[in-house]
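Residue numbers (full-length UniProt numbering): 1 to 287. Report on the following structure.
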């Protein structure tokens, strides 16, 4: 990856389509509600995403979400994402997603993905995966990730997945309160812990954890910057300016839309390069 050529690094994009297995509509009500909530059902392939980011001189981190235990939906294979990243390593970085309920088998998979496929981090979605982040059940997996000091990225706050489904599809929002990451940051102090999204309705909890634990970052994905809570912008401009990261939640939000709104969201000019690129370079150890 030519860091000088890249103008920004998007740390939060999703693999939504597999090229090696058909879409699993095991619970189609989730797909219908998802498209209604986000006003889009566009799902580009992994390669289409890589081509799009390359054309725009952007780099990106991509992952899927393994929710096989709690939702019962077949995941997109981590190896498919990892192999695509190896093929497109000028712009793409692979994170993996392993359901923590898979225990020691999940830990074995994580080690294989790190050592043999170059995976550079891991994504967790407590609401969709159905667990509290500090549950010791997940520590088999965390401990392998920690051996390599790799980032762990956790969804936080409200979830569009399940929104509008009867009973929310049985998905519990409370699992994604970022205060639960305080224990994880204590127990794994050498791993970057990324709190994904403005954490509404728990934005202050996220800021508190990040202020207190120096290994905790916040990514700005999932919302247009014009809707960011004012305290998030305030801390990103000051005490957390070195630990806030650009992210879109692509394909739900495009980089063009995010960056346009970012210019007018109240971020200081000297802070913008840190958020867009420099903080991610250091966190991902790209130099």
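We treat Cβ as the ideally placed atom computed from N, Cα and C, and that holds for glycine.
| Checking contacts by CB at 9 Å: is residue 69 closer than that to chain C? | The chain inventory of the structure shown lacks chain C, comprising one protein chain alone.
Straight-line Cα distance separating residue 173 from residue 254
As a first step, residue 254 is located in the chain shown; it is residue number 254 there, counting from the start. As a first step, residue 173 is located in the chain shown; it is residue number 173 there, counting from the start. About 25 Å.
* Determine the contact status of residue 97 and residue 122, defining contact as a CB-CB distance below 9 Å. => Taking the first residue of the chain shown as 1, we reach residue 97 at position 97. Taking the first residue of the chain shown as 1, we reach residue 122 at position 122. Yes, Cβ-Cβ distance for residue 97 and residue 122 is below 9 Å.
Grab me the residues of residue 135's own chain with a C-beta within less than 8 Å of its C-beta, minus the 5 sequence neighbours each way, in chain order.
Reading the chain shown from its first residue, position 135 is the one you call residue 135. Cβ contact annotation for residue 135 (same chain, cutoff 8 Å, sequence separation greater than five): 100, in chain order.
Which ranges does the alpha helix (DSSP H) cover as unbroken runs of at least 4 residues, wholly within the region 37-67, from first to last along the chain? Counting whole runs of 4 or more residues, the region 37-67 contains the alpha helix (DSSP H) stretches 46-55.
Exercise. Where do the N-terminal and C-terminal ends of the beta strand (DSSP E) with residue 155 fall, by residue?
Worked result: Indexing the chain shown from 1 puts residue 155 at position 155. For residue 155, the enclosing beta strand (DSSP E) covers residues 152-155.
Mind checking residue 277: buried by the 16 CB within 10 Å criterion, or exposed?
Within the chain shown, numbered from 1, the residue matching residue 277 stands at position 277. It is buried - the Cβ of residue 277 has at least 16 other Cβ atoms within 10 Å.
inquiry  = Measuring only the C-alpha atoms, how far is residue 78 from residue 89?
reply    = Residue mapping note: residue 78 aligns to position 78 of the chain shown, counting from 1. Residue mapping note: residue 89 aligns to position 89 of the chain shown, counting from 1. Put simply, the backbone Cα of residue 78 is about 16 Å away from that of residue 89.
Just curious, the alpha helix (DSSP H) that residue 128 is in, first and last residue?
-> Against the chain shown, residue 128 aligns to sequence position 128. 126-129 is the span of the alpha helix (DSSP H), which, as asked, contains residue 128.
Item to complete: Any chance you could list the beta strand (DSSP E) runs of at least 3 consecutive residues sitting entirely within the region 164-217, in chain order?
Response: Runs of the beta strand (DSSP E) inside the region 164-217: 193-196.
Should residue 227 and residue 195 be called a contact, given that it needs their Cβ atoms to be closer than 9 Å? Start at 1 with the first residue of the chain shown, and residue 227 comes out as number 227. Start at 1 with the first residue of the chain shown, and residue 195 comes out as number 195. Residue 195 is positioned such that its CB atom lies no closer than 9 Å to that of residue 227.
Among 56, 188 and 171, which residue has its Cα nearest to the Cα of residue 69? Numbered from its first residue, the chain shown carries residue 69 at position 69. Residue 171 holds the alpha-carbon nearest to the alpha-carbon of residue 69 among 56, 188 and 171.
- prompt: residue 92 lies in the beta strand (DSSP E); which residues open and close that run?
  reply: Translated into the one-based positions of the chain shown, residue 92 becomes position 92. Taken as a continuous stretch (DSSP letters only), the beta strand (DSSP E) holding residue 92 covers 92-94.
Exposed or buried, which one is residue 205 when buried takes at least 16 other CB atoms within 10 Å?
Numbered from 1 along the chain shown, position 205 holds the residue referred to as residue 205. Residue 205 is classed as buried because its beta carbon has at least 16 other beta carbons within 10 Å across all chains shown.
Discussion item. On the criterion of 16 or more Cβ atoms from any shown chain inside 10 Å, does residue 215 qualify as buried, or is it exposed?
Written reply: Against the chain shown, residue 215 aligns to sequence position 215. Flag for residue 215 reads buried.
message: Classify residue 279: buried if its beta carbon has 16 or more other beta carbons within 10 angstroms, exposed otherwise.
response: By 1-based counting over the chain shown, the position of residue 279 is 279. Label assigned to residue 279: buried.
Could you give the distance in angstroms between the alpha-carbon of residue 48 and the alpha-carbon of residue 106? Within the chain shown, the letter at position 48 stands for residue 48. Within the chain shown, the letter at position 106 stands for residue 106. Taking the straight line from one Cα to the other gives about 29 Å.
| task | Sort 126, 114, 234 and 144 by Cα distance to residue 159 and report the nearest one. | result | For the purposes of this step, residue 159 is taken as residue 159 along the chain shown, with counting starting at 1. Answer by Cα proximity: 126.
Quiz prompt | Bridge partner(s) assigned by DSSP for residue 9 | solution = For the purposes of this step, residue 9 is taken as residue 9 along the chain shown, with counting starting at 1. Answer by DSSP bridge pairing, in chain order: 59.
Restricting to runs no shorter than 3 residues, where is the beta strand (DSSP E) found entirely within the region 209-284?
Entirely contained in the region 209-284, the beta strand (DSSP E) runs reaching 3 residues are, in chain order, 216-219.
inquiry  = I'd like to know whether the C-beta atoms of residue 265 and residue 240 end up nearer to each other than 9 Å.
reply    = Here the question's residue 265 lines up with position 265 in the chain shown. Here the question's residue 240 lines up with position 240 in the chain shown. Remark: C-beta atoms of residue 265 and residue 240 do not approach each other more closely than 9 Å.
- For residue 63 versus residue 8, is the C-beta distance shorter than 9 Å? Position 63 of the chain shown, counted from the start, is the residue given in the question as residue 63. Position 8 of the chain shown, counted from the start, is the residue given in the question as residue 8. Not closer than 9 Å, so no.
Reduced DSSP secondary structure (H/G/I, E/B, other) of residue 322 | Past the boundaries of the shown model lies residue 322; the chain is included only from 1 to 287, so the question cannot be answered.
Suppose contacts are defined by Cβ-Cβ distances below 9 Å. Is residue 94 in contact with residue 119 by that definition? On the chain shown, residue 94 is found 94 positions in, with the first residue counted as 1. On the chain shown, residue 119 is found 119 positions in, with the first residue counted as 1. Residue 119 is positioned such that its CB atom lies closer than 9 Å to that of residue 94.
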